[in-house]
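In the numbering used here, the protein residues as written are 28 to 296.
If you want it as structure tokens, here you go:
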């Protein structure tokens, strides 16, 4: 997700700083972003050269690289402790006039804001995977989010060529809550032998005009990510979000979806 977000801002003309946890992760991120930029050029999504785009990209392993940034979007894994630690570390490096956002897909933006010195300058910017192809950004407003930031967030989404939807801070927001509910029911149908994963997805694509079925979407997002979101929603909204055993078993076996090569589908790419 971080690489996709960086790619989106870079294509839109921004100077982009990416901070990763170590040198290997930083070089891998640079490679992913550069490859995505190259694909955008091939598709005609940008008229700029790869050299020009790459010149606006800086990759580091130190939060101090964010010191000159006007906006930082946190995109670490969906873990509350990890996110709060990252947000605290980033905020310490930012100018008082900078803005900070989280890409969380389910965690409370208000709770994350509670660890910050300037919670009024913090909101949720929930991007969707894959970022280059998605046209939606969910802007999540915590109780302390300023009206100025709410307006700026809409503008950032539009500048990236995406459509913002604005929601208040609530478990799962709007998109994750609905998307996960559908995906969990699809998993239960697989578990119960109602239909194959392929046929369930085909039914949603052809019958309801979903561009991608709920199980293939789960593979793209990551089964471990979906499991974490489901567990959080179960703890906040009740047992209707309890993750099915088939999901827990697949994650335990390391079948995490596209990133591992196997999920509800087999990925050869």
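C-beta atoms are modelled at their ideal positions from N, C-alpha and C, and glycine is treated no differently.
Check: Helix or strand or just coil, what does DSSP make of residue 294?
Finding: As a position in the chain shown, residue 294 is number 267, starting the count at 1. Under the three-state reduction of DSSP output, residue 294 falls in the coil class, being neither helix nor strand.
Notebook entry, point to check: Which word fits residue 223, buried or exposed, when buried means at least 16 other C-beta atoms lie within 10 angstroms of its C-beta?
Noted result: Stepping through the chain shown from its first residue, residue 223 is reached at position 196. Counting Cβ neighbours within 10 Å, residue 223 comes out exposed, since fewer than 16 surround it.
Note to self: The alpha helix (DSSP H) that contains residue 114, what's its start and end?
What the structure shows: Within the chain shown, residue 114 is the residue found at index 87, counting from 1. Annotation for residue 114: the continuous alpha helix (DSSP H) segment containing it runs 107-118.
Check: Does the beta-carbon of residue 128 have 16 or more other beta-carbons within 10 angstroms, so that it is buried, or is it exposed?
Finding: Translated into the one-based positions of the chain shown, residue 128 becomes position 101. Buried, since its Cβ has 16 or more Cβ neighbours within 10 Å.
Checklist line | Inter-residue spacing [alpha-carbon to alpha-carbon] between residue 39 and residue 186 | finding: Translated into the one-based positions of the chain shown, residue 39 becomes position 12. Translated into the one-based positions of the chain shown, residue 186 becomes position 159. Cα-Cα distance, rounded: 7 Å.
Margin query: I need the DSSP call for residue 195, collapsed to helix, strand or coil.
Written below: In the chain shown, counting from the first residue as 1, residue 195 sits at position 168. Three-state result, residue 195: strand.
Next item on the list: Using only alpha-carbon positions, find the residue among 179, 268 and 62 that is nearest to residue 84.
Entry: Within the chain shown, numbered from 1, the residue matching residue 84 stands at position 57. Closest in C-alpha terms to residue 84, from the list 179, 268 and 62, comes 62.
Notebook entry, point to check: By a C-beta neighbour count over all protein chains shown, 10 Å radius and 16 as the cutoff for buried, is residue 221 buried or exposed?
Noted result: Taking the first residue of the chain shown as 1, we reach residue 221 at position 194. Around the beta carbon of residue 221, fewer than 16 other beta carbons lie within 10 angstroms, which makes this residue exposed.
Notebook entry, point to check: Should residue 184 and residue 194 be called a contact, given that it needs their Cβ atoms to be closer than 8 Å?
Noted result: The residue labelled residue 184 in the question sits at position 157 within the chain shown. The residue labelled residue 194 in the question sits at position 167 within the chain shown. No.
Next item on the list: Figure out for me which residue from 251, 275, 263 and 276 has the closest Cα to the Cα of residue 285.
Entry: If you number the chain shown from 1, residue 285 lands on position 258. Distances from the alpha-carbon of residue 285 to those of 251, 275, 263 and 276 put 251 closest.
Next item on the list: Give the range of the beta strand (DSSP E) segment to which residue 139 is assigned.
Entry: Here residue 139 is taken as the residue at index 112 of the chain shown, counted from 1. For residue 139, there is no enclosing beta strand (DSSP E); the enclosing alpha helix (DSSP H) covers residues 136-140.
Check: Hey, which unbroken runs of the beta strand (DSSP E) at 3 residues or more fall wholly within the stretch 39-66?
Finding: Listed in chain order, the complete beta strand (DSSP E) runs (minimum 3 residues) inside the stretch 39-66 are 43-46.
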